[in-house]
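First comes the structure, then the notes that go with it.
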Amino acid sequence: MNIYKLLQLNRKIKSHRIKFLGLYLLHKFNKRYLAVNLDPVLACNLRCKMCYFTDADYVKTLKGQFKEDDLEKVAKTIFNRALKLQIGCGTEPTLYKNLVRIVELGKQYKVPYISITTNANLLTKENIEPLLKAGLNEFTISLHGVTKESYESFMKKASYEKFQNALNAFVELKKTYDFKVRINYTFNKDNFYELKDFFKHFNGESFDILQLRPIQKIGNTEYNDFDVSSLEDDYLDLIKNVRQQCSSHRITLMAPDSLSILKGENDSSFVFDYTFCYISPNKFWKEGFNWREESFNEFSKKIGWSKLLLSNVFKTKSKLRSLSNKLNYEIEFN
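Residue numbering for the sequence shown follows the UniProt record's numbering, beginning at 1 and increasing consecutively.
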């Protein structure tokens, strides 16, 4: 399954009514439609300046990890409804010792696409290969700087050399295994212009997708300048240059068409709240879901989930927009 073609399809279908009718039918017929985002351990090895892990008070609230028995139960409860399993959402999954087992369970329950989001600083060829053998489809790598100085400044406690070693391991393993590597580059006004030299520092053979994401407020972070409006005049020219470089390396670029689009309406995100399923040691999808004792279908029936999906078919866009607290962040595929 090509998850990126599904994302493109979501953007091409403009009618929210068609989307919600589709979700309603998928739910009623016990089909897959959820993007399951699983944090198996609530910890991180880095303290990135644009991440809430630089908030000491918040970090104190993040404790716990899944026991192996719980993993089996999580998989049994939700994986058969997962269209995609994303391991690592807001924490660092490579700190979890049973990471390979999660991938194995995903494949056991026939999840079509399994990805791991990581800062890559703990990845080596020796621990990457077992994940690929288990059936992992993609690594999503977080990156906040192109040069060594910028990278290690924004990603505190990280090693530029370790990051590069992980990329080199991907190059080697791609000769044997079929998997994707996506780099998520979060930019602000202090690391944006480095992008013009991206391929001078990173091997275009090591990754397949480059996603450029403007900084957003995600908590009480050390770096707190969220205004990227000063980049707007230079944005199109620089992105055009990056797009050309990506094309020459056969890399898919995911980026906003312009920074002004962030101020507009984001109709593609209407279904996000209804497909996104977050799971961690202290949270499981919706509040009140006793996932150890009741099934997904039992809980869904109890909260009237199918009725809610169907009712959204008849709501106006303005009503749906008022119900969502998602930031207006539009991704364009180039």
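From the three backbone atoms N, C-alpha and C, an ideal C-beta is built for every residue, glycine too.
Q | Backbone secondary structure at Lys283 - three-state DSSP | A | Numbered from 1 along the sequence shown, position 283 holds the residue referred to as residue 283. Strand, per DSSP.
(Q) Taking the alpha-carbon of Pro40 as reference, which of Asp257, Arg101, Leu26, Gly304 has the nearest alpha-carbon? (A) Against the sequence shown, residue 40 aligns to sequence position 40. Taking only the C-alpha atoms, the option nearest Pro40 is Arg101.
Q: Taking 8 Å as the cut-off, decide whether the C-beta atoms of Leu105 and Leu83 are in contact.
A: Stepping through the sequence shown from its first residue, residue 105 is reached at position 105. Stepping through the sequence shown from its first residue, residue 83 is reached at position 83. The Cβ atoms of Leu105 and Leu83 lie no closer than 8 Å to each other.
**Q.** Cβ shell of Lys162 (< 6 Å), same chain only, five flanking positions each side left out
**A.** In the sequence shown, the residue the question calls residue 162 occupies position 162. Around Lys162: Asn121.
Q: Could you tell me whether the stretch 78-93 touches the stretch 27-40, using the rule of 3 or more Cβ pairs below 8 Å?
A: yes
**Q.** CA nearest to the CA of Leu143, picked from Asn191, Phe20, Ser306
**A.** Mapped onto the sequence shown, residue 143 falls at position 143. Nearest neighbour of Leu143 by Cα position, chosen from Asn191, Phe20, Ser306, turns out to be Asn191.
Q: Express the C-alpha separation of Lys125 and Asp233 in angstroms, rounding to a whole number.
A: Residue 233 sits at position 233 when you count from the first residue of the sequence shown. Residue 125 sits at position 125 when you count from the first residue of the sequence shown. Taking the straight line joining both Cα atoms gives about 42 Å.
Q. CB-CB under 8 Å to Tyr58, same chain, minus the five flanking residues each way: which ones, in chain order?
A. By 1-based counting over the sequence shown, the position of residue 58 is 58. Tyr52, Gly219, Asn220.
Q | Selection from Leu238, Trp305, Lys67, Pro93 that minimises the alpha carbon distance to Asn45 | A | Counting from 1 along the sequence shown, the entry for residue 45 is found at position 45. Out of Leu238, Trp305, Lys67, Pro93, Pro93 has the C-alpha closest to the C-alpha of Asn45.
Q. Roughly how many angstroms lie between the CA atoms of Cys89 and Lys217, to the nearest whole one?
A. Walking along the sequence shown from the start, residue 89 turns up at place 89. Walking along the sequence shown from the start, residue 217 turns up at place 217. Cα to Cα, Cys89 sits roughly 16 Å from Lys217.
Q | Those residues which DSSP pairs with Thr118 across a bridge | A | Residue mapping note: residue 118 aligns to position 118 of the sequence shown, counting from 1. Answer is Ile141.
(Q) Could you check whether the stretch 235-250 touches the stretch 277-284, counting it as contact only if at least three pairs of C-beta atoms, one from each stretch, sit closer than 8 Å? (A) no
Q) Closer than 7 Å: is that where the CB of Pro130 sits relative to any heavy atom of the ligand ATP? A) The ligand ATP is not part of this structure, which contains no ligands at all.
(Q) On the criterion of 16 or more Cβ atoms from any shown chain inside 10 Å, does Phe20 qualify as buried, or is it exposed? (A) Numbered from 1 along the sequence shown, position 20 holds the residue referred to as residue 20. Phe20 should be labelled buried.
Q. Between Leu167 and Phe187, is the Cβ-Cβ spacing less than 8 Å?
A. Locating residue 167 in the sequence shown gives position 167, where the first residue counts as 1. Locating residue 187 in the sequence shown gives position 187, where the first residue counts as 1. No, these two residues do not count as a Cβ contact at 8 Å.
Q | Proximity winner among Lys60, Asn98, Arg47, relative to Glu68 (alpha-carbon distances) | A | By one-based count along the sequence shown, residue 68 stands at place 68. Taking only the C-alpha atoms, the option nearest Glu68 is Asn98.
Q | Endpoints, alpha helix (DSSP H) assigned at Asn297 | A | The count along the sequence shown starts at 1 and reaches residue 297 at position 297. Segment 296-302, the alpha helix (DSSP H) holding Asn297.
Q. Is Ile209 closer than 8 Å to Lys180 when the C-beta atoms are compared?
A. In the sequence shown, the residue the question calls residue 180 occupies position 180. In the sequence shown, the residue the question calls residue 209 occupies position 209. In this structure, Ile209 lies closer than 8 Å to Lys180 by Cβ.
Q. Does the Cβ-Cβ distance between Glu194 and Thr54 come in under 8 Å?
A. In the sequence shown, counting from the first residue as 1, residue 194 sits at position 194. In the sequence shown, counting from the first residue as 1, residue 54 sits at position 54. Their beta carbons are not under 8 Å apart, which means Glu194 does not touch Thr54 by this criterion.
Q) Going along the chain, which residues of its own chain have a beta-carbon closer than 7 Å to the beta-carbon of Tyr109, five neighbours each way excluded? A) On the sequence shown, residue 109 is found 109 positions in, with the first residue counted as 1. Closer than 7 Å at Cβ, skipping near neighbours: Ala75, Phe79, Asn80.
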